[in-house]
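For reference, the structure discussed in these notes is given below.
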């Protein structure tokens, strides 16, 4: 789960990690109060989950009250387009106003869960403020990586390794050590999957301040991070996906025209790929899960059909725990209550497949049956060409 | 012959009294798996059907000589259940549970490295040696015993599809291992490939991967150096958009790495027969085998 910069900085404060003083503004008018509190100059930063805000015009520096008002008015409500939002952009609903700080040096610092060696890995670089993937490609020697075994926790030599790599002066190095330990504590105790500070700045006074803050939280751990779970911002999420989550369906909206409903994530991805090979584009990813019942299948249909781009649907179920007869009942139920306005190809295999096929055949519904996956692909190609 | 699980398996089920634990224990017993005990803290002394329930894994192992465990414990307690099994000296631990926090799995993985226990999963369908032993939730009927194919996969239902196609073509399976869809798991592709390479009855292997991480690339490099048996590969997620988790916690393309295209390229460069069209996987296996 992603959280906003201002929320990440609240967590930073709770773990004694220095951040600039800031005020969240949800309306342009609120900026006056922020200026009064923080003084000038100040930064006005769009609060959206997508990265690359600066390049998209979502971050401005204001030197006067007028500037600040202009910036807040311009950013709140704007459609921010960045590399990560796609061409349609994302609407900005609030801004973070922050005090100006004197920058001597910009650094990069991140913590990640490293799946390859089962460590918490720190990445740091002297090249702060830049896209770290570009740094990694152009000058990998300027990135220092330190892997920490979570059974050991962060040790002195880990800290020294990072500090040496960043070539910090002694006064700053000491502060960096304390910050690294606090960040490690935050990262591991709050179930972060990613924590990134870019830039981390050294001020003229030799203080270390997190000018930006990005945190992703492990969704599997939200049951024990209830305060963070409450930070979820529904405005940042696709309404179809929110609706699907209510029914415990795993749905991701895509740009194509062929909707699909599958049990199991791997088979769902493979089914999307089959749609593409058939010359069409998938409209979604939808994993109804192993324990789906007729009602879940019906809700899945409703969500797929709420996307106006959908011109046809492919259902691909490999019956295991989810039996084919249960799926078939769900399809019939959905067709009766919401109506299927588009052609539907059904491919079932596995547990109780004969019973499932019988239910569909006797329903009188206009469904297109497919036996194998290749058969399903051909039939999808057929409906997408209509 | 088979890998990791066979007729010598003596299985306990952790979380045997829960709904899923009960259902799948019955399915495994019906298949012929030797289920010797169950474990649910606080329910020691009870029975689930004919299976004796114990309060702890250690008690269950001492009383029954169990060597394997299947875990259906809910996510908040599943990591601890794995550690308990390892500390009780269980050789093979199969964790079906989906949704374990990754921070828990980091600690489990590092701890298991100091023990002799093998973990399969979590977030996996389990392992089956057709005709001998089923430890997991896969539908039994699609499998065929006797080999010649070994199957290893990060997915559940996608594996069933692959196994079904193999059986349709008349090919049995020595052992099918679902290693799970989480970013941090126990047994990996290479562990399974090593075991299949050493298993006389396994003549060829199907490797089913998906987007995210670099396990498939590492497996490809290992195959190139060490594997004498033919390998058929499949990667799901060519159309998956970057930055989105596709259902499985580990299935995500981030920062340009972990893409299906890169994995397919690495596998083809290692001489693996990569299937581009899932509908034809069974036929490709036939061609490769013959």
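Protein chains in written order, with my numbering: chain A, 27 to 412; chain B, 419 to 708. For every residue, glycine included, the Cβ atom is placed at its ideal position computed from N, Cα and C.
Using a Cβ distance threshold of 8 Å, residue 451(B) and residue 553(B) count as a contacting pair. Per DSSP, residue 670(B) lies in no alpha helix (DSSP H) segment and is marked neither H nor E. In the DSSP assignment, residue 653(B) is bridged to 627(B). Using a Cβ-Cβ cut-off of 8 Å, residue 428(B) does not count as an interface residue toward chain A, since no Cβ of chain A sits closer than that to its own.
Taking the C-beta atoms as reference points, residue 144(A) is found nearer than 8 Å to residue 527(B). Contacts with chain B at 8 Å (Cβ-Cβ) include residue 302(A). Distance check between residue 134(A) and each of 126(A), 149(A), 125(A) and 140(A) places 149(A) closest, using alpha-carbon atoms only. Assigned with DSSP and collapsed to three states, residue 222(A) falls in strand.
Pairing residue 194(A) with residue 152(A), the inter-Cα distance amounts to about 9 Å.
Using a Cβ distance threshold of 8 Å, residue 70(A) and residue 89(A) do not count as a contacting pair. Excluding five sequence positions before and after residue 278(A), the CB atoms of its chain that fall closer than 6 Å to its own CB belong to 311, given in chain order. Under DSSP, residue 488(B) takes part in a beta bridge, and its partners are 431(B) and 512(B). The three-state reading of DSSP puts residue 41(A) in coil, since its state is none of H, G, I, E or B. The beta carbon of residue 646(B) does not come within 8 Å of any beta carbon belonging to chain A, so the residue lies off that interface.
A distance below 7 Å between beta-carbons, with the five flanking residues on each side excluded, links residue 225(A) to the following residues of its chain, in chain order: 132, 133, 134, 154, 155, 237 and 238. Setting aside the 5 residues that flank it on each side, residue 470(B) is surrounded in the same chain by 455, each with a C-beta closer than 6 Å to its C-beta; the list follows chain order.
Ranked by how close their Cα comes to the Cα of residue 77(A), the residues 96(A), 28(A), 53(A) and 91(A) have 28(A) in first place.
Bounds of the beta strand (DSSP E) holding residue 470(B) are 469-472. Residue 374(A) places its beta carbon 8 Å or farther from that of residue 409(A).
Going by DSSP, residue 130(A) is part of no alpha helix (DSSP H) but of the beta strand (DSSP E) stretching over 129-140. Residue 441(B) and residue 670(B) have their alpha carbons spaced roughly 32 Å apart. Under the Cβ distance rule, residue 221(A) does not count among the residues neighbouring chain B, no pair being separated by less than 8 Å.
Relative to the Cα of residue 39(A), the nearest Cα in the group 211(A), 75(A), 107(A) and 81(A) belongs to 211(A). When beta bridges are read from the DSSP output, residue 207(A) appears opposite no residue. For residue 436(B), the CB contacts under 7 Å within the same chain, skipping 5 residues up- and downstream, are 490 in chain order. Contact residues of the region 141-162 of chain A toward chain B are 141, 142, 144, 145, 146, 158, 159 and 162 (C-beta to C-beta distance below 9 Å).
Residue-level contact by beta carbon holds for residue 249(A) and chain B, with a gap shorter than 8 Å. Taking CB atoms only, residue 139(A) has a neighbour in chain B less than 8 Å away. Just so you know, the alpha carbons of residue 228(A) and residue 172(A) end up roughly 21 Å apart.
In this model, residue 213(A) and residue 182(A) are separated by some 17 Å (Cα to Cα). Straight through space, the alpha carbons of residue 166(A) and residue 60(A) are spaced by roughly 40 Å. The straight-line gap separating the alpha-carbon atoms of residue 35(A) and residue 493(B) is approximately 29 Å.
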